[in-house]
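Input: a single structure, listed below in structure tokens.
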Amino acid sequence: MSQKIAFVASDAPIAQDAQAELTARYDNVACDKADVIVALGGDGFMLQTLHDTQELLAPVYGMNCGTVGFLMNEYSPDNLIERLIEAEEEVINPLAMRAENADGEVHHALAINEVSLLRAGPQAATLQISVDGRVRLDELVCDGALLSTPAGSTAYNYSAHGPILPIGSDVLALTAMSAFRPRRWRGALLPKQAVVRFDVLQHKKRPVMADADGRSFPNVVSVEIQSKDDISHRILFDPGHGLEERLIREQFV
3 MSQKIAFVAS DAPIAQDAQA ELTARYDNVA CDKADVIVAL GGDGFMLQTL
53 HDTQELLAPV YGMNCGTVGF LMNEYSPDNL IERLIEAEEE VINPLAMRAE
103 NADGEVHHAL AINEVSLLRA GPQAATLQIS VDGRVRLDEL VCDGALLSTP
153 AGSTAYNYSA HGPILPIGSD VLALTAMSAF RPRRWRGALL PKQAVVRFDV
203 LQHKKRPVMA DADGRSFPNV VSVEIQSKDD ISHRILFDPG HGLEERLIRE
253 QFV
């Protein structure tokens, strides 16, 4: 079976070398002409590739030329066509963020892993949290808070002691970073359809930035987040090494 492959690579020398080797062996087409896109780099580059190609139908198969590589497969130049044919597909939906800053400017961004709010000064942030229009927490004093998808639950969310979510579960993880009040509040599990809103209290004294998969917006006063189910990212994994298996394995190390 012949497949048209588009190879994309991060700026890292090891990824650039891999792209040159694979292109010489398997040819290379433009992403909009490809049956499958092969991303060479680390998890950050994989997220970038998924965002850049979200309008295309081709799935993305990552090969690790970075460090952790949670979203990637093992790098090998051999038997690539066979690996692509046998690969298993996972479909994930991103979060849509609407952030308004103190000047009234509104910014929109998508996040495959998480949307996070982080203090931008020496004092803790004070956040009010609403779910589906109802205030659920009047005041969270913390270093920050995030809303994570299942795909991103082993990333920043897990580092902040949030739960690992099974892929395919219709839930999102709301997790606090270094919560001071309520003392040791660790967050909540919310339905995937929930609309979550953060209002920044005392934003002049306690400035906050919002971040969506590495895209940062300073001095926000409110952030609204919901799952974007009309956008689907297709990711390919070698058999037995998909996201479901990785999420389970991560909990036993």
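Residue numbering for the sequence shown follows my numbering, beginning at 3 and increasing consecutively. Backbone N, C-alpha and C define an ideal beta-carbon position, used for all residues, glycine too. As the structure is a prediction and not an experimental result, all values here were calculated from the model.
Restricting to Cα atoms, I'd like to know which of the options is closest to residue i.
i    : options                   : result
L203 : A14, R85, A127 and L245   : A127
A104 : F219, H243 and D232       : F219
L145 : T177, Q18, K35 and P61    : In the sequence under discussion, the amino acid at residue 145 is Asp, which differs from the Leu named in the question. If we check each option's Cα against that of D145, T177 comes out closest.
D201 : T25, L129 and P165        : L129
D215 : A32, K35, D54 and D140    : D54
L139 : P152, A190, A101 and H110 : A190
G170 : P193, G164 and H163       : P193
L97  : H163, A20, D213 and S161  : D213
Could you have a look at residue i and say whether DSSP puts it in helix, strand or coil?
i    : result
D19  : helix
R27  : helix
I7   : strand
I233 : coil
Give the straight-line distance between the Cα atoms of residue i and residue j, rounded to the nearest whole angstrom.
i    : j    : result
G123 : S229 : 29 Å
P168 : I39  : 25 Å
E247 : L73  : 12 Å
D45  : G71  : 5 Å
E76  : F47  : 15 Å
N30  : L59  : 17 Å
K207 : E102 : 17 Å
N81  : R27  : 10 Å
With distances taken between CB atoms, is the gap from residue i to residue j smaller than 7 Å?
i    : j    : result
P209 : E88  : no
A17  : A11  : yes
I237 : V62  : yes
G154 : E92  : no
L42  : C67  : yes
R100 : H110 : yes
I233 : L149 : no
V133 : V198 : yes
E252 : T156 : yes
A1   : L119 : This structure gives no information on residue 1, because the portion of the chain shown stretches from 3 to 255.
L24  : I114 : no
Would you mind listing the beta strand (DSSP E) stretches within the region 29-91 that are 3+ residues and don't spill past its ends, in chain order? 38-43 and 62-66
What ranges does the beta strand (DSSP E) occupy inside the region 102-144, keeping only unbroken runs of at least 3 residues that lie completely in it? 108-113, 116-121, 127-133 and 136-144
Note down, one range per segment and in chain order, each beta strand (DSSP E) of at least 3 residues found wholly within the region 203-227. Counting only unbroken stretches of 3 or more residues, the beta strand (DSSP E) elements lying wholly within the region 203-227 are 210-214 and 217-219, in sequence order.
At 4 residues or longer, what runs of the alpha helix (DSSP H) sit wholly inside the region 138-204? Inside the region 138-204, DSSP marks whole alpha helix (DSSP H) runs of 4 or more residues at positions 158-161, from first to last along the chain.
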